[in-house]
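See below for the structure under consideration.
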Amino acid sequence: MSALHKIVFILLVIGGLNWGVLAVSGWEVGAIFGGMGAAISRVIYILVGLAAVVELFTHRAHCTDCSVKKAM
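Numbering (numbering that gives the first Met the number 0), first residue to last: 0 to 71.
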C-alpha cells in the first residue's frame, strides 16, 4: 500500500466518522478546532475533500474487487 493510499484512507475514515458523529449527536468534530471559521478546521475539511477526489480517481487501481481480472 503506497503512502498516498494510506493517507487517503485515514482522511476518508476521519471524514466518515465526522459525518457519523454529526448524524447521531448533531455535534461536529471540527468544533474542537474552533468550527468552520478556524483555519485548521478548513484545512482538515479541504484535505478530506481532496482525499475523496483522489480515491474517486484511483480506487480501481487499489481495489481487488473492482479491478478487472483476466481469465486464464
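The C-beta atom is built at its ideal place from N, Cα and C for all residues, glycine as well.
Small disclaimer: the values here were computed from a predicted structure and weren't measured.
| Item | Value |
| --- | --- |
| VAL7 classed as buried or exposed, judged by whether at least 16 other C-beta atoms fall within 10 angstroms | buried |
| Identity of the residue in VAL47, HIS61, VAL52 nearest LEU16 by Cα | VAL47 |
| Same chain only: Cβ atoms within 7 Å of VAL20, ignoring 5 sequence neighbours per side | TRP26, VAL28 |
| Nearest to ILE13 (by Cα), restricted to the options THR57, GLY33, ILE43 | ILE43 |
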